[in-house]
Each structure stands twice: as structure tokens, then as C-alpha cells.
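Asks: All the letters of the sequence shown, read from the start, carry residue numbers 2 to 967 under the numbering used here. Here it is: the structure, laid out below.
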Amino acid sequence: MSPTTGSEHGSPHVLTPSSDASIAAEWAGGKGKNLHALTASGFQVPRWSIIGLDVFAEFCRDGGLDGQLRRLLAGDLEARAGRIAAEIARLIEDAPLGDRLTDAIGLAYGLAGGGAVAVRSSGRQEDGERHSFAGQFDTFLNVRGLDEVVAHVRRCWASAFSERSLRYRAQHRLPVDTGGVAVVLQHMVAAEISGVLFTTDPVTGRADRYVVSAVHGLGEGLVSGAVDADTVVLDATTGEPLTTVIGEKKERYDAGPGPGCQVSRVADEDRAALSLTSGRLELLHTAGSRLTALFGTAQDIEWAFAEDVLWILQSRPVTTPAPAAEAAPEPGRDLRLWDNSNIIESFSGVVSPLTYSFAADTYAKVYDSYARALGVRGERLREVQEWTPHLLGHIHGRVYYNLFHWYRMVRLAPFYPLNRRVLEKSLGVAESISDEVADSLHPFTPRTGLRGQVSRLTRTVIFAGRFLTIRKSVATFHRDFYRAYTVFNNVDYDALQGDETYRRFRRLQRELIEKWGPMQTLDATILLSVGLLALLTRRWLPEAPEWFTWAAAAPGKAVESAEPVWALRELAAQARADSEVLALLERTPDAEAHQALHEAGHTRFLRAFDAYIADYGYRSPDELKLEVPDLRENPAGLFTLLRETLPETGTASGTASGTASGTATGTGSASGTGTGSASGTGTGTGTDSGDGDGDGRVAADRGPEADAYLDAHLSRPRRLVYERVRGKARAALADRERLRFCRTRAFGAAKRMLRALGRDLARAGAIDSWDDIFFLRLDEVRGAYEGMIDHTELRDLVALRRRQQAADAALHAPSRFTTRGAPYWSGNLERAGWGGGPAVTGGARELSGVPCCPGVAEGPAVVTDTPRDIGGGVLITYRTDPGWVTALSSAAALVIERGSPLTHVAVVARELGIPTVVQVEGATTGIRTGTRLRVDGAAGTVTVVEAPPRDGTAAAPDSPRTETRQ
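Have a look at this one:
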């Protein structure tokens, strides 16, 4: 009997790598045909043979199964799939297998090498370009001996008629005739590492990504879902790892002494480490590129490493269609892309209906005004007004950017291709949208011809004028804002009638918020100037480190938002200078400290404390969430922040006039209280002296390092151009922080007014408690005072939303997802990954993210969701908001899971010289408090130096070491 083509007397086909390709295409089935192509193309494929399609056909004919199969497969398959599958499996198991077919199977077993083999189904229609039948047919591992091989060949034949296979055919409207089933016998490889490689992202459909999943041992643990695998996303072109997730990998599957697999525990050190070396990732990338070229389409590849050899077990086309995220929006189907990057800095976790609706209303008014400021009028303005109220979404209590609308907003200004890239950086989004989708997004229907050209030119001219005069506009706005804010701030709203407070709230919206629109030109200025700076850096300084552009653009000491940090340090210095105050603060609970200081007669310190509250009381954690009290309402919170700033770790103080020198270590801060100079910039360990500015504010930003790099690498003509663009970027970023302080105060004033309205509604009996107002939407609060809603409705609304908020808080919220049509309908959110509880990853020895501020710091991790109890450690948090800046004084380094290099705290951290890395996926779940870390703010890496104590208790924060990285 020929092992290749069958005899001229019609002997069954048993195929091997030496079989002709045309014979393989006819008799090997889809999986077998691909296996033949792999071997012929020179890939390392474990020894194999194939029992041809005609063997099954002869089995059915000789056993009298043909007629029975036709009868069972007639009619509605989907409704009867389970019963039919069971009946066919019984028939195939019981039908006789003649000597001819037994000999064919024995021949194939010998040609595959005997011993332990994998027995794999290979249907005629399997692994096709349109229908892969992935997971529909069966594979059996570690099958030994001819009797077992024969039994498992029968099971493979039966799997062509399994319940899941029959339902698959019915759902895809495929013919019931299977076309036959071939069976692959493949020698078992003693795999050290196994896995799957997709040469396209199977989730997003992005063709510029490869996705690798890997486990120890055989791939059965991965395929079955029993083992949490490592996953690495590679750049499709370069093979560079883009993201890495370390799976738990608790167990491994290996060939056992009998059929199937045996399961054993993976050693702790192997669980904690990535299972794939960089060299093996490179081999996988190369193989994936070759296989994609060979088959002409993206591939789903099963592979294994054994003794450093990459074995390709099988390869099939990826038939899963790309999801909506990468498809251009279609007319009539409302595609939305939701992302909480950066917005989580302002609105963390579950947000009250009042906070969301007030924020959404504010955004709508501001960007409507921005469009008007750029000359958008008439029908085009009405189109803009269709999407400005929906810049934010409120999904199960969380706030998300409705991201496509933000691209539309950016397109109001010129230079959209450049600005949208910088927008993505500034928002900290995990991935860019495709050029095709980006080009399809417009703020309004674009005009064509001469009218369109005139319209674009008009907006460009208006924008250019505002761009060139933005500093003057900001100064004027700043002056007018504080003139109005002073009036709104100096009012006791609880002493007013509710109607009067409501009228003043409406005035605040008109005079402080609705006039903000033209200031959004500043955001466009930042996008353009930082974008141009990055472009010049890439072209003229291609070897510059990744942190360089942000360091060059950093506004340095001009950051007004850093003032609370300096003020808090000065308050701490005043407390340290008075031993009685210091002792009282150390022994008195936060809630009692103010009264204790008053009773002890420390009026001088209390005046400074109260002055801080008056100046910066609105700057507090979650300051934009209306339901969260600020420091004015809860001054005790300032004592908590103050205690974290009291230790002198990492500071050098000059207490006399002249020059004071010292050793600056730890957090990288230096303060001086005299009239001369304070030592060092607080980076590195050693003695360093330099000029202070009288109040101890030594420039800790990286501007000098950027200057030195420019001096060494940029010629004078180019340097002049670069400095012009750099100056514009630095000024814009400094002005942005000034306006953010204005925003904080505007929200603070609104917070006081809405609290007073809550108390008024409670007195009127409309709600039970004043803080029930946070469960109402802004339009409902308006309705209560404008006569548009019955007061008796409010209690029921509050009760309903309290229950909903409790349910929402228990859900796991994805950071980015897409929906089509109404977001809550048609399974949109379920497909996006909303579920009950956060996923946990663990054990990474090194995490990576986006570098923000260079420098290397080592210290114990403090994983927290509140800016308290940092104690000089490495601050690890999921997100931050502007209220976190006061915690930076006691942080050796800053690691943020979300955010971007332009998030508020990142800007301030650069000014303070604190090594910072953002977008560190898995930081809060993969790192425990007490773990000793080394944070490299230039490389964007967070390395585990030493694990926390085994009993789970946190190690006490010690003095971290900080050094500069040039």
C-alpha cells in the first residue's frame, strides 16, 4: 500500500510530507493541507501523517452508515443537534472497521513515528478563509498504541457531527454534508513552552499588532482556558513588544504515562517571570511574518518550543471579523468609542449623577462657545451643537470620553493630522484610531469647492490671530475671572433663600463658565506647539531620550498649580520650627487638631493654616466631584496631608542668609527658609549649591538638562527656531495650569452653591437629606426651581439611583471599549467586558509605561487610591486628580496606571523633579504595598527589587534613594 497516493486498486490514502501537493489538497482536509504547506515551506513541523478523507468515506460505505447519516441530518439541525450528535457518535463507535482500514491507520501511525501522538480532526471545510471551524472538531493528545489510536480516530470522525459542529453549520447556513473528515497523526513534542500566535489583534482587528499567548508545558492548558497565560502584544513590523501581561500560570500540562495530560504546579519563580525570552519572541515574530506571507492572510498559529527549537503545530486563517473600533463609522449606525484615559484624573470611580450632568453641561457650553469663537455659524454651528452635549458619557456611574467627538472638536482648528496625535498623547489613550476612521470624523458636514476653501481659510485666520495673542487673552480672562470669582466666593449661601442661591448659580454659569470657550484656543495652542516641538525633536534630535520633549516643554517654576505644594511645605517648615506645635500635631487626631491648636494658643500657626485653606481649600482630592467635600468643608484633611510633609527626608534647608549647602536625597526636593540660597536640586546624593529665589523654591524641573542637551546637539540657527517653538509650548502649558486653578475655584464655588440648594430642598421636604441632591441630575435641580418637575418625584429618583449606584460600584469597568447604537442595549456593554469584579494580574518583575520625568528612585511601594499615607515611598495609584499634588512632597517617585504625560499631576511632578511613569498597565494589581521598587522615569520602567514580607504586612517606608538619569 502506498503511503502517499493509494494503490492503483483504490487503497486508502495515507499522506506524508512527500505526498504531492495536489493529492494533499484533495484528500488531507483543511488542517492537513495547511500542514503539508508548512512542511514544504521549510518550517519545523513535528513528524506527521494523514489518514485521508477517503478512509472515512469507505468506513461509512462499508459499515452501512451513509443512509443512516442522510436520514439523521435531514430537517432542522439546530433544534435537534444534541440528539443527532449522540446518535451519530454511537453509530461511528459501533460500526465495523475492516482490516484494510485498520492497516491504513496502522501505517499512518508508524509513519508518524509511533509512540505518543496527537490525533487531530481535519475536515474538508476546516481552516478555510471564510469558516475556520476553530474548536468545532476534536484533538486528542498523548495517544499511545494502535488500539488507542484507532479508538481516537473514530472519535475524530464523530466530532465532525458533534452538537457544536452541527450548530455551527446551522448558524452559518452551511450544507449538512461535511465533505468527509481526514485525521492527522502528529508526533508529540515534549514542549517546554507552548502557545498561540495571532498575526492580527483578534480583539481589535488591528493588522499592525501580533498577539502572543504562552504557557509552560503543552498548549492544552491555554486552549482549554485552565491556565492564565502570559500575553505579549508585538509591533507587526518590528516585532517590538508593545504591552506585556504576566499571567498566573499556576499549572502546566504535560504528556502523562497514559492518554491525555498530567497537571503539575509551576514553580513560583517561573510564574512570576515572562515565559518567553526576547529571543523566542523574535523567532515567533519572524515565523508569524513568514506564515502570513505564505498563506496571504492573517494566521492563528499553534506553536511550541522544545530544546530551543520553534515547532509549528498548525496554522489557520484568522476569520474573526475586525470589530467596530477599527471600522469607519457607517451611516445610520452610531459607532462610539469610549475611553477613560485622563478623564479619570478628574472624575474617578463611580460619579454622582449631579457631578456628571454638571460636568457634561459645562463641557457643552464651553465647546459651543469655542466653536463660535472660531467663527462657526448657522447650520454648521447647529451641527456642532448636536455633539457638544455628548462629549462625556456616564456608563454605569463612570465618566468616559465619547472619544470620536473629541477628534471632531480638535478638527475645528487647523493642522488636524498633527493635533490629533498630540491629543492622543495628552489624553493618554492606549492606542490611536486608524487614519481611515480619523479622516471620517468632522465637526460638521464639510463644504466642497470655493465655499469650503473660504470657510477653512476663515477659521485658520481666526485661529492664527487667537494663537498669536493667546497670552494676552489668558491674562485678560484671568483678571476678569478673579474679579467675578471674588464676588461669588464671598457669600454665605446658606443664609440666602434657595431661589436667590439658584439665581446666583445661573449667573456663575454665565459669567465664569460660558465665557470659557475662547480659552480653549489655549488647548489647541498646546496641541500645536507641543506637536511642532515633538516634530522638530524627531527630525533634528533623533537620538534624544523619550523624556526629552516633555522636559523641554515643561514650564518649570511658572506652574501656578504647584503653589499648594510650596505652601504646604512652608506650613510644614513653620510647624517643625515650633516644637510644641510639632508635638501637638503628632499626638492629636486630625478631626481634633484645629481645636487643640486653638486651645493651646498657637494662633500664629493657625493663621497660616487658615490662610492655606482660604487660598487653596478647593484644591483637594476629587475636587471636581461635587459629592466629595473639599478642605474648606473638611479642614481635617489638611492635617493628614501636613503630617506627610512634616518629615525632612530628602530636603535641604538653608536657615541663614547667604549660601547653605547640604546633602539632598530622597524625594528630590530642596527648600530654604532664609534670604540666600538653598542647596541642590534635590537629585542625586552629594553636596550641591546654587542660587535660590528667596523662598527656597529651587528649580527641580529638567529644563537645565534639556538646555545642556540642546547645547551639545543643536546648531545655533536651528536652536533659535527650536527655542521659539519651545517658548510657546512652555508658556501655553504654564497658562493651562493657571486656567486649571481657575476651573478648580469655579467648581468650588458651584459646589458650595449646590450644597446650599440641597439644604434648601431638604428644608422644603422635596428630599430627605441635603446630600440627596447628588443623586439628581442638573436638569432636575433646575426643574425644581423653574417649575418643570414635581417635588414629589425627587425622593423616588434618589432611592432608585442609590440602588443603582450600589450595583454599579460592584462592576468591573473596562478602560476603553466601543458600542454601536444605544450603549446599554444589544449586549454592547457585556461584549465590552463589563462584569463583576476587577481582573487581577500579578507577579511582574518589571512593568513598563510612558516615561514622564527622568531620574531613578528606589523605595517601598505604597499602593493607594488616596493621596495620604505616602511616607516617602513610591506612590502607586490607578489614577490621580489635581488634589494629589500635595502628596508629591513625600513621594520618592510616582507610578500611575492611567493618565498621560500631560495629566496635571505629571506636569507638577516634572516641575518638582520626581521620577514619574504613567500608563503602567497592571501597576495597582501587580504590585503590593511594601514591595521595594526601582523606578526609572527616563526609561519608563518599574522594577521589583525586593518582594514584601511573606506575612503580607507592608514594610515600613524607609529613606528612598534618588539619582539623576542624563
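Built from N, CA and C at the ideal position, the CB exists for glycine as well. As the structure is a prediction and not an experimental result, all values here were calculated from the model.
Please report how far the alpha carbon of L934 lies from the alpha carbon of L277, in whole angstroms.
Replies: Position 933 of the sequence shown, counted from the start, is the residue given in the question as residue 934. Position 276 of the sequence shown, counted from the start, is the residue given in the question as residue 277. The alpha-carbon atoms of L934 and L277 are separated by roughly 23 Å.
Asks: Thinking C-alpha only, which one of G618, P622 and F640 is nearest E634?
Replies: The residue you call residue 634 lines up with position 633 of the sequence shown. E634 has its Cα closest to that of G618, out of G618, P622 and F640.
Asks: Give me the Cβ distance between V975 and G68, rounded to the nearest whole Å; I'm assuming they're in contact under 8 Å.
Replies: In the structure displayed, the chain extends from 2 to 967; residue 975 sits before or after that span and is not available.
Asks: Whole angstroms are fine: how far does the CA of E384 sit from the CA of H443?
Replies: Here the question's residue 443 lines up with position 442 in the sequence shown. Here the question's residue 384 lines up with position 383 in the sequence shown. Straight-line Cα distance between these residues: approximately 10 Å.
Asks: Using a Cβ-based criterion (distance less than 8 Å to any ligand heavy atom), does V875 qualify as near the ligand COA?
Replies: The ligand content of the structure shown is nil, which means the ligand COA is not present either.
Asks: In chain order, what residues of the same chain lie with their CB nearer than 8 Å to the CB of A299, ignoring the 5 residues before and after it?
Replies: The sequence position of residue 299 within the sequence shown is 298, counting from 1. Only F199, T200, T201, A208, T293, P318 and V319 meet the Cβ criterion.
Asks: Are at least three pairs of beta-carbons, each pair with one atom in the stretch 436 to 456 and one in the stretch 348 to 365, less than 8 Å apart?
Replies: The stretch 436 to 456 vs the stretch 348 to 365: no contact.
Asks: Which value, in whole angstroms, describes the spacing of the CA atoms of P13 and I302?
Replies: Here residue 13 corresponds to residue number 12 of the sequence shown, with the count starting at 1. Here residue 302 corresponds to residue number 301 of the sequence shown, with the count starting at 1. The alpha-carbon atoms of P13 and I302 are separated by roughly 30 Å.
Asks: Strictly by DSSP, which residues pair up with C854?
Replies: Within the sequence shown, numbered from 1, the residue matching residue 854 stands at position 853. In the DSSP output, where bridge partners are listed per residue, C854 has T917.
Asks: Is it buried or exposed for Y408, if we count other Cβ within 10 angstroms and need 16 for buried?
Replies: Stepping through the sequence shown from its first residue, residue 408 is reached at position 407. Under this definition Y408 is a buried residue.
Asks: Suppose you measure from the CA of A374 to the CA of V462; what does that come to, to the nearest Å?
Replies: To locate residue 374, count along the sequence shown from 1; it is residue 373. To locate residue 462, count along the sequence shown from 1; it is residue 461. The alpha-carbon atoms of A374 and V462 are separated by roughly 12 Å.
Asks: Apart from the five residues on each side of it in sequence, which residues of its chain come closer than 7 Å, Cβ to Cβ, to D55?
Replies: For the purposes of this step, residue 55 is identified with residue 54 of the sequence shown, where counting begins at 1. So the list reads P13, H14 and W28, once near-sequence residues are dropped.
Asks: Do A892 and I915 come within 9 Å of each other at the CB atom, strictly closer than that value?
Replies: Translated into the one-based positions of the sequence shown, residue 915 becomes position 914. Translated into the one-based positions of the sequence shown, residue 892 becomes position 891. Yes. Within cutoff.
Asks: On the DSSP letters alone, give me the boundaries of the alpha helix (DSSP H) that P318 sits inside.
Replies: Reading the sequence shown from its first residue, position 317 is the one you call residue 318. Here P318 belongs to no alpha helix (DSSP H); instead the beta strand (DSSP E) covers V310 to P318.
Asks: Report all residues from its chain with a CB closer than 6 Å to the CB of P18; omit the five preceding and five following residues, and keep chain order.
Replies: As a first step, residue 18 is located in the sequence shown; it is residue number 17 there, counting from the start. These residues qualify, in order along the chain: T40.
Asks: What residues match up with Y483 in a beta bridge as DSSP calls it?
Replies: Position 482 of the sequence shown holds residue 483. In the DSSP output, where bridge partners are listed per residue, Y483 has none listed.
Asks: Please work out which residues of its chain come closer than 7 Å, Cβ to Cβ, to V864, disregarding the five sequence neighbours upstream and downstream, and give them in chain order.
Replies: Here residue 864 refers to the residue found at position 863 of the sequence shown. Around V864: I877, T925, I928, R929 and T930.
Asks: Have a look at R91, E94 and D148 and flag the residue whose alpha-carbon is nearest the alpha-carbon of G116.
Replies: Against the sequence shown, residue 116 aligns to sequence position 115. Residue D148 is the option with its Cα nearest to G116.
Asks: Which class does G860 belong to by DSSP, given the choice of helix, strand or coil?
Replies: The residue you call residue 860 lines up with position 859 of the sequence shown. It is a strand residue.
Asks: Which residue marks the beginning of the beta strand (DSSP E) containing N403, and which one marks its end?
Replies: In the sequence shown, residue 403 corresponds to position 402, counting from 1. Segment R399 to N403, the beta strand (DSSP E) holding N403.
Asks: Select from D369, A584, V400 and H395 the residue whose C-alpha is nearest the C-alpha of W388.
Replies: Against the sequence shown, residue 388 aligns to sequence position 387. Per the Cα distances, D369.
Asks: So what does DSSP say about T942, is it helix, strand or coil?
Replies: Residue mapping note: residue 942 aligns to position 941 of the sequence shown, counting from 1. DSSP places T942 in strand when its eight states are reduced to three.
Asks: Do C854 and A907 have their CB atoms nearer than 9 Å?
Replies: Numbered from 1 along the sequence shown, position 853 holds the residue referred to as residue 854. Numbered from 1 along the sequence shown, position 906 holds the residue referred to as residue 907. Contact: yes.
Asks: Helix, strand or coil for E432 per DSSP?
Replies: For the purposes of this step, residue 432 is taken as the residue at position 431 of the sequence shown. Residue state, collapsed to three classes: coil.
Asks: Pick out whichever of G259, L311, A256 and S456 has its Cα sitting closest to the Cα of R982.
Replies: Outside the shown range of the chain (2 to 967) lies residue 982, about which nothing can therefore be said.
Asks: Extract the residue ranges of the beta strand (DSSP E) inside the stretch 742 to 766, only unbroken runs of 3 or more that lie entirely within it.
Replies: If we require 3 residues or more, the stretch 742 to 766 turns out to have no beta strand (DSSP E) run fully inside it.
Asks: Between the stretch 523 to 538 and the stretch 728 to 735, are three or more C-beta pairs nearer than 8 Å?
Replies: Segments in contact, yes.
Asks: For L779, I'd like the list of residues in its chain whose CB is within less than 8 Å of its CB, leaving aside the five on either flank, ordered along the chain.
Replies: Reading the sequence shown from its first residue, position 778 is the one you call residue 779. Cβ neighbours of L779 beyond the five flanking positions: L355, S358, F359 and D362.
Asks: Taking the straight line between their C-alpha atoms, what separation do you get for R982 and M189?
Replies: Nothing about residue 982 can be read from this structure; the chain reaches only from 2 to 967.
Asks: Quick check on the burial criterion: 16 or more other C-beta atoms within 10 angstroms. Buried or exposed for A105?
Replies: The sequence position of residue 105 within the sequence shown is 104, counting from 1. Buried, since its Cβ has 16 or more Cβ neighbours within 10 Å.
Asks: Within a Cβ cutoff of 6 Å, which residues of the same chain sit near F405, ignoring the five residues on either side of it in sequence?
Replies: Sequence index remark: in the sequence shown, residue 405 carries index 404 (1-based). Once the five neighbours on either side are set aside, the close Cβ partners of F405 are L338 and L442.
Asks: Near N35, which residues of its chain fall below 8 Å by C-beta distance, leaving aside the five closest residues on each side in sequence?
Replies: Counting from one through the sequence shown, the residue named residue 35 turns up at place 34. The residues are D128, F296, Q315, S316 and R317.
Asks: Give the secondary structure of R48 by DSSP, where H, G and I count as helix, E and B as strand, and everything else as coil.
Replies: For the purposes of this step, residue 48 is taken as the residue at position 47 of the sequence shown. Coil.
Asks: Would you kindly work out how many angstroms separate the C-alpha atoms of R511 and A814, rounded to a whole number?
Replies: By 1-based counting over the sequence shown, the position of residue 511 is 510. By 1-based counting over the sequence shown, the position of residue 814 is 813. The alpha-carbon atoms of R511 and A814 are separated by roughly 35 Å.
Asks: Note down the Cα distance separating R467 from S347, rounded to an integer number of angstroms.
Replies: Looking up residue 467 in the sequence shown gives position 466. Looking up residue 347 in the sequence shown gives position 346. Each residue's Cα considered, the two are about 27 Å apart.
Asks: Could you tell me how far apart the beta carbons of I247 and L275 are, in whole angstroms, since I believe they sit closer than 8 Å?
Replies: As a working mapping, residue 247 is identified with position 246 in the sequence shown. As a working mapping, residue 275 is identified with position 274 in the sequence shown. At roughly 6 Å, the Cβ-Cβ gap stays under 8 Å, so I247 and L275 are in contact.
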